[in-house]
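Visitor: Those letters in the sequence shown? Residues 577 to 727, per the working numbering, in order. A single structure is presented below for examination.
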Amino acid sequence: METQATGRSKQQRSHEFYKKLFKLTGAGGAAFWITDFVFSVSPIAAEYNAAFSISYLPMALVEALVGGLIIGFCVSYFLLRFFDKLPTKNPILKALILSFVAMLMIEVLSTLVNPNNASVYLLIDTGMNVPRFLALGIVVGHLYDKLNGGA
């Protein structure tokens, strides 16, 4: 039978979990978005957008933010939920592993959805996504460490 004190401690742990999840998601999404925005003003991105007829302004401002928040949520959730089951002891490395697993899954799915010129898309998109996912993983891992009393 659950006592009132046990019920409160479970509620408290649940509240703490969601509070950390919200902070990590926001920070990871912001890191992803800022990196995407900085990258979107580069000449390489301009060439890529022109070659594939992509209107980048709406993507950089809205879609990248939403995508970054979704990816940040997933990375943060799995980091919080399965922290002890992930390899290494460093939270930044754990978050980077999760971040790059997410990137790999997205790249594979995008290749399956559009198999025409898949090798070109895969090479270019992966090159453009590495900085975004790297920033997201580093920020989420660092903030996790900070929230849990690390450096």
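Even for Gly, the Cβ is constructed at its ideal location relative to N, Cα and C.
(1) Starting from PHE709, follow the alpha helix (DSSP H) in both directions and report where the run begins and ends.
(2) Please report how far the alpha carbon of LYS596 lies from the alpha carbon of PRO667, in whole angstroms.
(3) Could you please give the first and the last residue of the uninterrupted alpha helix (DSSP H) stretch that includes LYS670?
(4) In this structure, how does DSSP classify LEU572 when only helix, strand and coil are distinguished?
(5) For MET577, collect the residues of the same chain with a Cβ closer than 6 angstroms to its Cβ; drop the 5 residues on either side in sequence, then sort them by chain order.
(6) Assuming VAL716 and GLY648 form a contact by the criterion Cβ under 8 angstroms, report the distance between their Cβ atoms to the nearest whole angstrom.
(7) Judging by CA-CA distance, which residue of MET679, LEU641, TYR624, GLN588 is the nearest neighbour of PRO707?
(8) Would the beta-carbon of VAL651 fall within 8 angstroms of that of ALA621?
(9) Please name the residue in ALA626, TYR594, ALA607 whose C-alpha comes closest to that of ALA640.
(10) Which residues in the same chain as SER675 place their Cβ atom closer than 6 angstroms to its Cβ, once the five residues preceding and following it in sequence are excluded?
(11) So, are the CB atoms of LYS599 and LEU723 less than 8 angstroms apart?
(12) Are there 16 or more other CB atoms within 10 angstroms of the CB of GLY726, so buried, or fewer, so exposed?
Guide: For this structure:
(1) 694-723
(2) 14 angstroms
(3) 667-689
(4) This structure cannot settle anything about residue 572, because the visible part of the chain is limited to 577 through 727.
(5) Residue placement at MET577 cannot be trusted, given a pLDDT of 47 that sits under 50; the coordinates are not used to answer.
(6) 7 angstroms
(7) MET679
(8) no
(9) ALA607
(10) VAL651, PHE709, LEU712, GLY713
(11) yes
(12) exposed
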